[in-house]
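J.: At position 130 of the sequence shown (counting the first as 1) the number is 129 in numbering that gives the first Met the number 0, and the numbers step up by one without a gap. From the three backbone atoms N, C-alpha and C, an ideal C-beta is built for every residue, glycine too.
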Amino acid sequence: MALYSTDAGGALLAHALHSQVCMHADFGGVVPELASRDHIRRLVPLLRQVLANSACSVTDLDAIAYTQGPGLAGALLVGAAFAEALATALGVPTVPVHHLEGHLLSPLLSSKPPRFPFVALLVSGGHSQLMRVTGVGEYELLGETLDDAAGEAFDKTAKLLGLGYPGGPALAALADTGRPGQVKLPRPMLQTPDLDFSFSGLKTAVLVKVRELATISDQQRADIARGFQDAIVEVLVSKSLRAVKVCGLQQLVVAGGVGANRELRRQLDAHALAARIAVFYPELEFCTDNGAMIALAGALRLQAGGAGKLPGAFAVRPRWPLTGA
Ligand SMILES: Nc1ncnc2c1ncn2[C@@H]1O[C@H](COP(=O)(O)OP(=O)(O)O)[C@@H](O)[C@H]1O
Ligand SMILES: [Mg+2]
């Protein structure tokens, strides 16, 4: 949850996050019913926390933005119902926001933000997309994954290697101790002229490698993690830079949880420098899901001339393509 002020060029006044990772870890993945029940418990304390941290009162709120979709219906309903009820009580408008729009605009929260237009690589647990971002609300899909998302591939591969949930950061840490070039894995769709991705074959290639080995040492496991990370990073870097060139632009924004991956950042920085492309990342805390990016997206929507919505009736959109937002 976050408070964003549009005064003086815009500023994030406060933000707080309650992670449910520990709660889901015992189950090896997100349990939707537990997630939404826990959301109910957390919302009022989080609101109190951000108000206290920003020395604001609830009556200072001019509008309330919330995630309308896409995502788990139960979790979306809890957030939407809370936001609409609070806005009704305060008599202020609401701004239902697309979750991915929050990710796309999240680099604007940093001290050195990009300027429109730019290309965005959106790599999260549920999405892998390249978008042309012309302005607030002006998004063109350039390419996307045909099967698994990049974060999903990280998580599934981590599971194959016996790592816990969430797998992405654990796999990345293991890859740091792996030897480059020891395990060669395919680079799916690297050479295709489009800007699409495919990652499910990479996960299968890891499965085959693991099965080939009767026993697997810690070093071999690390080498496989390294081989996997190198393959996925090479494809993401290559297609992202191609997208920037195809659009005739000079700026690339990386958003979504996989954007926290250090090797991806290293490789992107190196290749972008050579191609004279500037790369922008959200602060690490704004890479994975957070309230600040939703507050920002709502504020920018209002600033761009949107009046917001009358509080009260609402619907959530568990499936919702961004280009239809
Ligand atoms: N350092 C990292 N390296 C690779 N993947 C990561 C890293 N940190 C987080 N992730 C992945 O990012 C995803 C979560 O990102 P997030 O944007 O919250 O996704 P979603 O909104 O789709 O749930 C997970 O799949 C997680 O494994
Ligand atoms: Mg997300």
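Can you check the region 115-166 for any beta strand (DSSP E) of at least 3 residues that lies completely inside it and give the ranges in chain order?
T.: Listed in chain order, the complete beta strand (DSSP E) runs (minimum 3 residues) inside the region 115-166 are 117-122, 127-134, 137-143.
J.: Using only alpha-carbon positions, find the residue among Tyr65, Ala230, Ala152 that is nearest to Ala169.
T.: For the purposes of this step, residue 169 is taken as residue 170 along the sequence shown, with counting starting at 1. Out of Tyr65, Ala230, Ala152, Ala152 has the C-alpha closest to the C-alpha of Ala169.
J.: With respect to the beta strand (DSSP E) encompassing Ser239, which residues constitute its N-terminal and C-terminal limits?
T.: Translated into positions along the sequence shown, residue 239 becomes position 240. Counting along the chain, Ser239 falls outside any beta strand (DSSP E), though it belongs to the alpha helix (DSSP H) covering 217-245.
J.: Among the candidates Pro179, Leu145, Met292, Leu267, whose CA atom is the shortest distance from the CA of Gln128?
T.: For the purposes of this step, residue 128 is identified with residue 129 of the sequence shown, where counting begins at 1. With distances taken between Cα atoms, Gln128 lies closest to Leu145.
J.: So which residues touch the region around ligand 3, with touch meaning a C-beta under 5 Å from any heavy atom?
T.: Ligands present in the displayed structure are limited to ligand 1 and ligand 2, and ligand 3 is not among them.
J.: Flag this pair as touching only if the region 225-244 and the region 260-271 have three or more C-beta atom pairs under 8 Å; answer yes or no.
T.: The answer is yes - the region 260-271 touches the region 225-244, with three or more Cβ pairs under 8 Å.
J.: Would Gly226 pass as a contact of Val253 if the rule is Cβ separation under 8 Å?
T.: Sequence index remark: in the sequence shown, residue 226 carries index 227 (1-based). Sequence index remark: in the sequence shown, residue 253 carries index 254 (1-based). Contact flag unset, no.
J.: Check whether the Cβ atoms of Leu103 and Tyr65 lie closer than 8 Å to each other.
T.: The count along the sequence shown starts at 1 and reaches residue 103 at position 104. The count along the sequence shown starts at 1 and reaches residue 65 at position 66. Cβ distance not < 8 Å, so Leu103 and Tyr65 don't count as in contact.
J.: Can we count His325 as close to ligand 2, meaning its CB is less than 7 Å from some heavy atom?
T.: Coverage of the chain is limited to positions 0 through 324, which leaves residue 325 absent and any answer about it impossible.
J.: Could you name the residues of the same chain whose beta carbon sits closer than 7 Å to that of Arg316, not counting the 5 residues immediately before and after it, in chain order?
T.: Along the sequence shown, one-based indexing puts residue 316 at 317. These residues qualify, in order along the chain: Gln67, Gly68, Pro69.
J.: Applying the criterion that 16 or more other CB atoms from any shown protein chain within 10 Å of the CB defines a buried residue, is Lys244 buried or exposed?
T.: For the purposes of this step, residue 244 is identified with residue 245 of the sequence shown, where counting begins at 1. That one is exposed.
J.: For the region 2-50, which segments carrying the beta strand (DSSP E) assignment without a break, of at least 3 residues, lie completely within its bounds, in sequence order?
T.: Here the runs fully enclosed are 10-14.
J.: Leaving out five residues on either side along the sequence, give the residues of the same chain with a beta carbon under 7 Å from the beta carbon of Leu99.
T.: As a first step, residue 99 must be located in the sequence shown, where it is residue number 100. Answer for Leu99: Leu121, His126, Leu321, listed in chain order.
J.: Specify the secondary structure class of Val209 as computed by DSSP and reduced to three states.
T.: On the sequence shown, position 210 is the one that residue 209 refers to. The answer is helix: DSSP assigns Val209 an H, G or I state.
J.: Examine the Cβ distances between the region 284-293 and the region 308-315 and report whether three or more of them are shorter than 8 Å.
T.: Too few Cβ pairs lie closer than 8 Å, so no.
J.: I need the boundaries of the beta strand (DSSP E) containing Phe81, first residue and last residue.
T.: Along the sequence shown, read from residue 1 onward, the residue named residue 81 stands at position 82. Counting along the chain, Phe81 falls outside any beta strand (DSSP E), though it belongs to the alpha helix (DSSP H) covering 72-89.
J.: So for Phe285, helix, strand or coil by DSSP?
T.: One-based indexing of the sequence shown puts residue 285 at position 286. Note: Phe285 maps to helix in three-state DSSP.
J.: Sorry if obvious, but does the Cβ on His270 come closer than 7 Å to a heavy atom of ligand 2?
T.: The count along the sequence shown starts at 1 and reaches residue 270 at position 271. No, the Cβ of His270 stays beyond 7 Å of every heavy atom of ligand 2.
J.: Can you give the beta carbon distance from Ser199 to Asp147, rounded, assuming they're within the 8 Å contact cut?
T.: The residue you call residue 199 lines up with position 200 of the sequence shown. The residue you call residue 147 lines up with position 148 of the sequence shown. Going by Cβ atoms, the distance from Ser199 to Asp147 rounds to 5 Å, so yes, they are a contact pair.
J.: Suppose you measure from the CA of Ala1 to the CA of Ala294; what does that come to, to the nearest Å?
T.: Position 2 of the sequence shown, counting from 1, holds the residue named residue 1. Position 295 of the sequence shown, counting from 1, holds the residue named residue 294. Computed Cα separation, rounded: 6 Å.
J.: Would a C-beta distance cut-off of 8 Å place Ala172 and Gly166 closer than the cut-off?
T.: As a first step, residue 172 is located in the sequence shown; it is residue number 173 there, counting from the start. As a first step, residue 166 is located in the sequence shown; it is residue number 167 there, counting from the start. For Ala172 and Gly166, no; Cβs fall outside 8 Å.
J.: Tell me the rounded alpha-carbon separation between Ser56 and Gly177.
T.: Position 57 of the sequence shown, counted from the first residue, corresponds to residue 56. Position 178 of the sequence shown, counted from the first residue, corresponds to residue 177. Whole-angstrom Cα-Cα distance: 51 Å.
J.: Pick out whichever of Leu162, Tyr3, Ala221 has its Cα sitting closest to the Cα of Gly27.
T.: Position 28 of the sequence shown, counted from the start, is the residue given in the question as residue 27. Closest option to Gly27, Cα to Cα, is Leu162.
J.: Smallest Cα separation from Asp59: which of Ala86, Phe81, Gly101, Val43?
T.: Start at 1 with the first residue of the sequence shown, and residue 59 comes out as number 60. Checked all of Ala86, Phe81, Gly101, Val43; the closest Cα to Asp59 is Ala86.
J.: For Ala64, which beta-bridge partners are listed by DSSP?
T.: By 1-based counting over the sequence shown, the position of residue 64 is 65. Answer is Val94.
J.: State the Cα-Cα distance for the pair Leu347 and Pro44, rounded to the nearest angstrom.
T.: The structure shown does not extend to residue 347, since the chain is modelled only from 0 through 324, so no value can be given for it.
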